[in-house]
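Step one of this worksheet: look at the structure below.
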Amino acid sequence: MLDIIVSGLLLSGTYALVAMGLNLQYGVARIMNLANGEVLVLGALAAFWLYTTAQISPLLTVILVIPVAFIGNWLIYRFLLTPLVRRSKSQGQLEVDSILATFGISFVLIGIMVSIEGGFFAYKYLSEPISILGSTTSLNRFIAFLIACAIGIGLYLWLNKTRSGVAVRAVAVSTEASGLVGINVPRISAFAFALGGAITAVGGALISTFITLDASIGVVFTLKALIIVIMGGVGDIRGAIVAACILGLVETAVATLIDPGLTLAAAYLIFILILLFRPQGLFGRAST
Amino acid sequence: MKPSGWGELAIAAFLVFLAVFVPFVTNGYWLSIAVTTMMYVALATSWALFSGPTHYISLATGAFFGIGGYLVGSMMSDYQLPFWVPLVVAPLVAAGLAFLIGIATLRLSGVYFVIFTLGLAEMIRNLISWIQNNFLGSRGLYVLTDLRDHHLYWMLLGVAAAVFLLGWVVNRSRLGFALRIIGNDETVARHVGINTAWAKVILFTTTGFFAALVGAIIAPRWSYIEPNQVFSPQLSFLVVIMALLGGAGRLWGPLVGVIPFTIIWEWVNVQFPNQSTLFLGLAFLLIVYVLPNGMVGRIEQLHARMGRGRS
Chain Z
8 MLDIIVSGLL LSGTYALVAM GLNLQYGVAR IMNLANGEVL VLGALAAFWL YTTAQISPLL
68 TVILVIPVAF IGNWLIYRFL LTPLVRRSKS QGQLEVDSIL ATFGISFVLI GIMVSIEGGF
128 FAYKYLSEPI SILGSTTSLN RFIAFLIACA IGIGLYLWLN KTRSGVAVRA VAVSTEASGL
188 VGINVPRISA FAFALGGAIT AVGGALISTF ITLDASIGVV FTLKALIIVI MGGVGDIRGA
248 IVAACILGLV ETAVATLIDP GLTLAAAYLI FILILLFRPQ GLFGRAST
Chain Y
13 MKPSGWGELA IAAFLVFLAV FVPFVTNGYW LSIAVTTMMY VALATSWALF SGPTHYISLA
73 TGAFFGIGGY LVGSMMSDYQ LPFWVPLVVA PLVAAGLAFL IGIATLRLSG VYFVIFTLGL
133 AEMIRNLISW IQNNFLGSRG LYVLTDLRDH HLYWMLLGVA AAVFLLGWVV NRSRLGFALR
193 IIGNDETVAR HVGINTAWAK VILFTTTGFF AALVGAIIAP RWSYIEPNQV FSPQLSFLVV
253 IMALLGGAGR LWGPLVGVIP FTIIWEWVNV QFPNQSTLFL GLAFLLIVYV LPNGMVGRIE
313 QLHARMGRGR S
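Here the protein sequences line up with chains Z and Y, keeping their order. Quick note: to get the working numbering, add 7 to the position in the first sequence (first position is 1). Quick note: to get the working numbering, add 12 to the position in the second sequence (first position is 1).
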């Protein structure tokens, strides 16, 4: 029982981080990014590849990945998604277009990753047992959790305490109103999208230290991140953290008590309960 | 729609009549391509019945198709039932599931629906593998029938023709009109008194029914059924690409997309098996950036421009 709680909570740290990344992309830039999971896997591939070919520590890769993923996602937003934002007449139209475009991007990324590494991204890093609260877990899970927390807290402080963070939150509330008070909405949107992508890639590099991924696993992570974002309420960081804990705990419980093959089914069960009873998110108010 | 609807129907009937003779003029490789094509025609057209007017992108096709194939395997292999039993049961099961999913997700915004359908095939596959391993014992599921490729082709042609006829009827009905209003502006639709959720749920249920029927019909082709093989998420994406490539706004739009895409897809899979995913991604990008209304939309645009040039 304690084992489930400890490893479930450790897992939810990285889930929360990835969901924060998606939240920035969907909540601020208003792009439903279904290539999110592939960006995550790309981060994992970078960690795997640098570790196995050049013995670069995955913890260093976490730092290296930030600027690369930021620039990559910025380019995607600027050249592939901005034309869609401009041509769409309504939010619904943009949603359909961005869903299809990001599907395209995700398949292209999978195609590229398969040609780099077709098998599993299997490597061993810091897989030594450690004991937390009397429960044994591995060191890499614990370190990934700590880094995820540090980045999450940093992001939270930045959004709430700084001027640029306020601008980002303003765009999340209303693009029109924030344009009126002199915020450069296209720039902030591109920045939020790129930052979200960078955070997701970091999450991927962290996850790869304790879960073995492969090139086509991205969609599962996209789905989990989306479920967390919807459960927590779009744009709600506190909600995302609580939701990530719920998902991490339930998944770990199902995997240890019933069958590891049923984690996705467990995520779906949570998803359907949310859709039926709290579609506005755990802490959201019902909209009219 | 236009009063020329009857003319459209006559052309469609003539094409179906011609298509009946395909197995007599070809066999082997091209007949198997024809079966695949007909399978996608039925899937993509029934997909567009729902997703065309509403713009809700459904990725559930693979899940319903898999239910069709899996039930055929399970019922014939585990319970020794004749082929026609799952052929009747599977579409009803899938329609029931589609109905429940529709009720849960279609009251909300389209994004939730897409996300829900995104992992559906994978989730059902996990669930079935688990049930099979723990309760049924992991036996192989064999589908042994006397049906050959040309039988399957005719059955699929029948399904495709039925989907077309249904689409034609729906287009001319109050339901079709309601769906078009929902697709244009859902708020307006609600204000003029359309029960938007019901209209969407009914059409989505129909799509689920046909996808499972197609999955059940095609099952004898494999003779050995495995959950991993029938619940293919890729199928859902292929159907979306084909329908949108042709143009989901018209009933015959998907047909225009399916035929070239199936042939190119077969070729890509043989020539560049490792690059097929990349190709799929490029096809999506092509649709979004170059052909937002599909090939049919582009043809109509050119037609309109030429018409203006003459006058």
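Using N, Cα and C, we set each Cβ at its ideal position, and we do this for glycine too.
Chain Z contact residues for residue i, given Cβ-Cβ distances below 8 Å
i, result
"residue 293 of chain Y", "110, 111, 112, 113, 114, 115, 116, 117 and 118"
"residue 74 of chain Y", "Ordered by position in chain Z, no residue passes the 8 Å Cβ test against residue 74 of chain Y, which lies about 12 Å from the chain."
"residue 300 of chain Y", "91, 104, 107, 108 and 111"
"residue 238 of chain Y", "Neighbours of residue 238 of chain Y on chain Z: none; closest Cβ ~15 Å, over 8 Å."
"residue 69 of chain Y", "103, 106 and 107"
beta-carbon residue i near the ligand ZN non-hydrogen atom, thresh 7 Å
i, result
"residue 286 of chain Z", "Only the bare structure without any ligand can be found here, which leaves the ligand ZN out of the picture."
For residue i, the three-state DSSP class (helix, strand or coil)
i, result
"residue 95 of chain Y", "coil"
"residue 136 of chain Z", "strand"
"residue 68 of chain Y", "coil"
"residue 318 of chain Y", "helix"
"residue 263 of chain Y", "coil"
"residue 15 of chain Y", "With a pLDDT of 49 at residue 15 of chain Y, under the threshold of 50, the modelled position of this residue cannot be trusted, and the question is left open."
"residue 162 of chain Z", "helix"
"residue 295 of chain Z", "Any answer about residue 295 of chain Z is weak, because its pLDDT of 39 lies below 50 and its placement is not dependable; what the coordinates show is given next. Note: residue 295 of chain Z maps to coil in three-state DSSP."
"residue 130 of chain Z", "coil"
"residue 153 of chain Y", "strand"
"residue 16 of chain Z", "helix"
Member of the options whose CA lies at the smallest distance from the CA of residue i
i, options, result
"residue 160 of chain Y", "Y:26, Y:40 and Y:289", "Y:40"
"residue 182 of chain Z", "Z:12, Z:92 and Z:265", "Z:92"
"residue 232 of chain Z", "Z:8, Z:162 and Z:211", "Z:211"
"residue 312 of chain Y", "Y:144, Y:180, Y:92 and Y:265", "Y:265"
"residue 146 of chain Z", "Z:136, Z:153 and Z:86", "Z:136"
"residue 254 of chain Z", "Z:191, Z:206, Z:15 and Z:157", "Z:15"
"residue 286 of chain Z", "Z:239, Z:195 and Z:45", "Z:239"
"residue 244 of chain Z", "Z:281, Z:213, Z:203 and Z:276", "Z:203"
"residue 40 of chain Z", "Z:144, Z:53 and Z:236", "Z:236"
"residue 74 of chain Z", "Z:159, Z:275 and Z:201", "Z:201"
"residue 129 of chain Z", "Z:289, Z:57 and Z:199", "Z:57"
"residue 216 of chain Z", "Z:288, Z:150, Z:119 and Z:116", "Z:150"
"residue 325 of chain Y", "Y:75, Y:82 and Y:55", "As shown, chain Y starts at 13 and ends at 323. That puts residue 325 of chain Y outside it, with no answer to give."
"residue 130 of chain Y", "Z:169, Z:227 and Z:273", "Z:227"
"residue 195 of chain Y", "Y:62, Y:163 and Y:20", "Y:62"
"residue 271 of chain Z", "Y:138, Y:124, Y:142 and Y:164", "Y:138"
"residue 210 of chain Y", "Y:270, Y:36, Y:110 and Y:282", "Y:110"
"residue 127 of chain Z", "Z:62, Z:186 and Z:222", "Z:222"
"residue 199 of chain Z", "Z:17, Z:19, Z:84 and Z:18", "Z:84"
"residue 112 of chain Y", "Y:185, Y:59, Y:146 and Y:216", "Y:216"
"residue 214 of chain Y", "Y:95, Y:190, Y:201 and Y:199", "Y:190"
Segment limits, beta strand (DSSP E) that includes residue i
i, result
"residue 144 of chain Z", "142-145"
Within chain Y, partners of residue i - CB distance below 9 Å
i, result
"residue 122 of chain Z", "286, 287 and 290"
Extent of the continuous alpha helix (DSSP H) to which residue i belongs
i, result
"residue 69 of chain Z", "65-82"
"residue 45 of chain Z", "43-61"
"residue 206 of chain Y", "Counting along the chain, residue 206 of chain Y falls outside any alpha helix (DSSP H), and DSSP gives it neither H nor E."
"residue 100 of chain Z", "98-123"
"residue 77 of chain Y", "73-90"
"residue 244 of chain Z", "244-264"
"residue 383 of chain Y", "Because chain Y in this structure spans residues 13 to 323, residue 383 of chain Y falls outside the shown range and cannot be described."
"residue 34 of chain Z", "Counting along the chain, residue 34 of chain Z falls outside any alpha helix (DSSP H), and DSSP gives it neither H nor E."
"residue 161 of chain Y", "161-184"
"residue 37 of chain Y", "34-37"
"residue 94 of chain Z", "89-94"
"residue 245 of chain Y", "245-258"
"residue 118 of chain Y", "Unbroken run through residue 118 of chain Y: none, as it is neither H nor E."
Under 7 Å by beta carbon: chain Z residues contacting residue i
i, result
"residue 138 of chain Y", "268, 269, 271 and 272"
"residue 105 of chain Y", "Those do not exist, as residue 105 of chain Y stays about 18 Å from chain Z at its closest Cβ, beyond 7 Å."
"residue 117 of chain Y", "282"
"residue 221 of chain Y", "The premise fails here: residue 221 of chain Y is roughly 21 Å from chain Z at the closest Cβ pair, so nothing lies under 7 Å."
"residue 126 of chain Y", "106"
"residue 278 of chain Y", "Those within 7 Å of residue 278 of chain Y in chain Z number zero; the least Cβ separation is about 18 Å."
Within chain Y, partners of residue i - CB distance below 7 Å
i, result
"residue 136 of chain Z", "Chain Y residues near residue 136 of chain Z: none, gap ~29 Å exceeds 7 Å."
"residue 102 of chain Z", "122 and 123"
"residue 238 of chain Z", "Those within 7 Å of residue 238 of chain Z in chain Y number zero; the least Cβ separation is about 12 Å."
"residue 288 of chain Z", "Going along chain Y, no residue has its Cβ under 7 Å from residue 288 of chain Z, so there is no contact; the nearest lies around 12 Å."
"residue 39 of chain Z", "123"
"residue 279 of chain Z", "116"
Any C-beta of chain C under 8 Å from that of residue i
i, result
"residue 164 of chain Y", "Absent from the structure: chain C. Protein chains present are Z and Y."
Chain-ordered chain Z contacts of residue i [CB-CB under 9 Å]
i, result
"residue 203 of chain Y", "Neighbours of residue 203 of chain Y on chain Z: none; closest Cβ ~14 Å, over 9 Å."
(request) Only counting runs of 4 or more residues, tell me where the alpha helix (DSSP H) segments fall wholly within the segment 265-291 of chain Y, in order along the chain. (result) 265-283
(request) Please specify which runs of the beta strand (DSSP E), each continuous and at least 3 residues long, are wholly inside the segment 179-239 of chain Z, giving them in chain order. (result) none
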